[in-house]
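Please read the structure below before turning to the comments.
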Amino acid sequence: MRIHCRVVVIAVCFGVFLLLYFLGGNGGADEPLLKEVGGDRELEEDGRSPPSLSDYLGSDAVAKLARKSSAVVGERGGRKERKATGRRGSVNAKSKFLGNMIRPVTRSRRAEGIMHLAVVACGNRLDETLTMLKSALLFSLKKIKFHIFAEDPLAPQFEERLNQWPQSISARFQYSIYPISFSVGDAEEWKKLFKPCAAQRLFLPVILKDVDSLLYVDTDVLFLRPMDDIWILLKSFNRTQLAAMAPEHEVPKIGWYSRFARHPFYGVTGVNSGVMLMNLTRIRRTLFKSSLIPGGLSWEDLLHPLYQKYKNHITWGDQDLLNIIFHYNPESLLIFPCQWNYRPDHCMYGSNCKGAEEEGVSILHGNRGVYHDDKQPAFKVVYDAIHDFAFEDNMFQSLFYPIQSKFLDTVNTLCGRIPQVFLKQIEKTMRKVFEEKVVHHVRPR
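Under this note's numbering, read the sequence shown as residues 33 to 477, first letter to last.
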């Protein structure tokens, strides 16, 4: 009898143990399984893959960081990935790569953060334009939509070259190619204004009706810091401002407009339109004052009669027309510092851009054809380095160091005597990219 009781007690205890075991196990089973690191990368809305860390820093640097951060990843990676999977059903590739080094960026955040960049290219400007677009992508953080206005023979060449860029880079931009067109006046006459097709920029508010704001740049512009940093100036506009440009010159006594202009111009030295930030929605809604009629005219209605009145008095084409417009509407324009549109004029007569001396050049504007001759080798050094840089290479090794070393050959020129002006901002930008994309995310919380 005693043996029988002992058997019953043992059986009951064993049953209770099994019950507790299965109940405890189901708690963990409710959580979804973790995906393996290195699985399929999440695609953008257009079906392309987001950029990997190696696109910014080079594969060698990424491999070294992976080894250094393996301990941190092993300790924290599983918990973070499980949490992300429970919310979205899949793990973003950026959070899977090296565990928690890169914070996931959602599709909605990318759509909200897109920036618009417009350029007009005619003649032999294909390579120069592509180099400008490359410079914008090298440092910018948000996605960019390129609006490329090109002559018919150039359009398929742009499409072919852009489609050859690495898929990891293609995920960071979109592009549209438009034909050269003018909504008012004689198209052939507009095309011949100053440089081929340069007047196209005047018609951007009319053509890009679905775009709220954009940054227009000439083909001979290079970004030495993120486009994001000038894009944010749109938030600095007051209620009347609808565009932003830099002064044509910093010193009135040697400025072109202050000495030679035969037409009205903005302020004391005029403005340079090679880098122009625009709120297109405000431009389309505004009636502009002018010397043509007592009342205001819309942007589209103003362009042709203004050109007809001043066409025999203007030298720099569309830039002169913009100066005339903002002479009569100064409240509509925001002036940004010269380092955002740094040209040979800022150093060939002696350094006269204080902002560039203090912070370095933010946007380099190689007008006067200085990228393609030896008149200002300091500008050509920067252009050649960006032109020859491969997206997959390490920025410091293949971009910054070549610029730094080749600058030694330019010290006998006025612009080459101030290398810190050209190098300070691009070095700072590269370090910032490195810290934000890698170092900040590797450091344990």
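The C-beta atom is built at its ideal place from N, Cα and C for all residues, glycine as well.
Computed from a prediction, not measured in an experiment: that's the story for all the values here.
Point to revise | Closest by C-alpha distance to GLU280, when choosing among PRO211, VAL300, TRP263, ASP261 | key: By 1-based counting over the sequence shown, the position of residue 280 is 248. The residue with the shortest Cα to Cα distance from GLU280 is VAL300.
Practice item. If I'm right that ILE435 touches VAL465 with Cβ under 8 angstroms, what's the distance once you round it to whole angstroms? Key: To locate residue 435, count along the sequence shown from 1; it is residue 403. To locate residue 465, count along the sequence shown from 1; it is residue 433. Not really, about 16 angstroms apart at Cβ, beyond 8 angstroms.
Review point. How would you call LEU440, buried or exposed, if buried means at least 16 neighbouring beta carbons within 10 angstroms?
Key: Within the sequence shown, the letter at position 408 stands for residue 440. Exposed, because fewer than 16 other Cβ atoms sit within 10 Å of the Cβ of LEU440.
Exercise for review: Measuring alpha carbon to alpha carbon, tell me which of PHE269, VAL307, ILE346 ends up nearest TRP288.
Suggested key: Locating residue 288 in the sequence shown gives position 256, where the first residue counts as 1. Minimum Cα distance to TRP288 is reached at ILE346.
Check your understanding: By how many angstroms is the C-alpha of SER290 removed from the C-alpha of ASP244?
Key -> As a first step, residue 244 is located in the sequence shown; it is residue number 212 there, counting from the start. As a first step, residue 290 is located in the sequence shown; it is residue number 258 there, counting from the start. Near 34 angstroms, if we compare the C-alpha coordinates of SER290 and ASP244.
**Study point:** Cα-Cα separation between TRP263 and MET427, rounded to whole angstroms
**Key:** For this step, residue 263 is matched to residue 231 along the sequence shown. For this step, residue 427 is matched to residue 395 along the sequence shown. The alpha-carbon separation between TRP263 and MET427 amounts to approximately 23 angstroms.
**Study point:** Collapsed DSSP secondary structure at TYR289 in the structure displayed
**Key:** For this step, residue 289 is matched to residue 257 along the sequence shown. Correct three-state label for TYR289: helix.
Exercise for review: Leaving aside the five residues before and after TYR415 along the sequence, list all residues of the same chain whose C-beta is less than 7 angstroms from its C-beta, in chain order.
Suggested key: For this step, residue 415 is matched to residue 383 along the sequence shown. Contacts found: THR163, LEU254, GLY398, TYR403.
Check your understanding: Roughly how many angstroms separate the alpha carbons of GLU363 and GLN273, rounded to a whole number?
Key -> What you label residue 363 is simply residue 331 of the sequence shown in a count that begins at 1. What you label residue 273 is simply residue 241 of the sequence shown in a count that begins at 1. Approximately 6 angstroms, taken between the alpha carbons.
Review point. Can ARG233 and TYR248 be called in contact, C-beta distance under 8 angstroms?
Key: Counting from 1 along the sequence shown, the entry for residue 233 is found at position 201. Counting from 1 along the sequence shown, the entry for residue 248 is found at position 216. Yes.
Review point. Who does GLN206 pair with in a DSSP beta bridge?
Key: The residue labelled residue 206 in the question sits at position 174 within the sequence shown. Paired residue(s): LYS177.
**Study point:** Residues near GLU68 in its chain [Cβ-Cβ closer than 7 angstroms; skip 5 each side]
**Key:** By one-based count along the sequence shown, residue 68 stands at place 36. With a pLDDT of 32 at GLU68, under the threshold of 50, the modelled position of that residue is not reliable, and the figure given next carries that caveat. So the list is empty, once near-sequence residues are dropped.
**Study point:** Separation of CYS154 from ILE201, as counted between CA atoms
**Key:** As a working mapping, residue 201 is identified with position 169 in the sequence shown. As a working mapping, residue 154 is identified with position 122 in the sequence shown. Their Cα atoms are separated by approximately 25 angstroms.
Review point. For ARG193, which of LEU173, LYS166, SER215 has the nearest alpha-carbon?
Key: Reading the sequence shown from its first residue, position 161 is the one you call residue 193. Relative to ARG193, the option among LEU173, LYS166, SER215 whose CA is nearest is LYS166.
**Study point:** Cβ-Cβ separation, ILE450 to CYS379 (assumed contact under 8 angstroms), whole Å
**Key:** If you number the sequence shown from 1, residue 379 lands on position 347. If you number the sequence shown from 1, residue 450 lands on position 418. Confirmed, about 6 angstroms.
Practice item. Inspect the CB distances between the segment 207 to 224 and the segment 363 to 373 and report whether three or more fall short of 8 angstroms. Key: Output reads no: the segment 363 to 373 does not touch the segment 207 to 224.
Exercise for review: For TYR433, count neighbouring C-beta atoms within 10 Å of its own C-beta (all shown protein chains included) and say buried if the count is 16 or more, exposed if not.
Suggested key: Your numbering for residue 433 matches position 401 in the sequence shown. When all chains shown are included, TYR433 counts as exposed.
Review point. Considering LEU149, what are the terminal residues of the beta strand (DSSP E) in which it resides?
Key: If you number the sequence shown from 1, residue 149 lands on position 117. Where LEU149 is concerned, the enclosing beta strand (DSSP E) stretches over 147 to 153.
Practice item. Please state whether DSSP places GLY392 in a helix, a strand or coil. Key: As a working note, residue 392 is residue 360 in the sequence shown. DSSP, read as helix, strand or coil, puts GLY392 in coil.
**Study point:** Nearest to THR161 (by Cα), restricted to the options VAL283, PHE178, LYS174
**Key:** Taking the sequence shown and counting its residues from 1, the one referred to as residue 161 is at position 129. Nearest to THR161 by alpha-carbon distance, out of VAL283, PHE178, LYS174, is PHE178.
Check your understanding: Going by DSSP, which residues form a beta bridge with HIS397?
Key -> Counted from its first residue, the sequence shown places residue 397 at position 365. Answer by DSSP bridge pairing, in chain order: VAL253.
**Study point:** Environment of SER127 [buried if 16+ CB atoms lie within 10 Å]
**Key:** In the sequence shown, residue 127 corresponds to position 95, counting from 1. Confidence at SER127 is low in this model, with a pLDDT of 31, below 50, so its placement is unreliable and the value that follows should be read with caution. Buried, since its Cβ has 16 or more Cβ neighbours within 10 Å.
Point to revise | Rounded separation between ARG80 and ILE146 - CA only | key: Locating residue 80 in the sequence shown gives position 48, counting from the first residue. Locating residue 146 in the sequence shown gives position 114, counting from the first residue. Confidence in ARG80 is poor, its pLDDT being 43 and thus under 50, which makes the residue's placement too unreliable to answer from.
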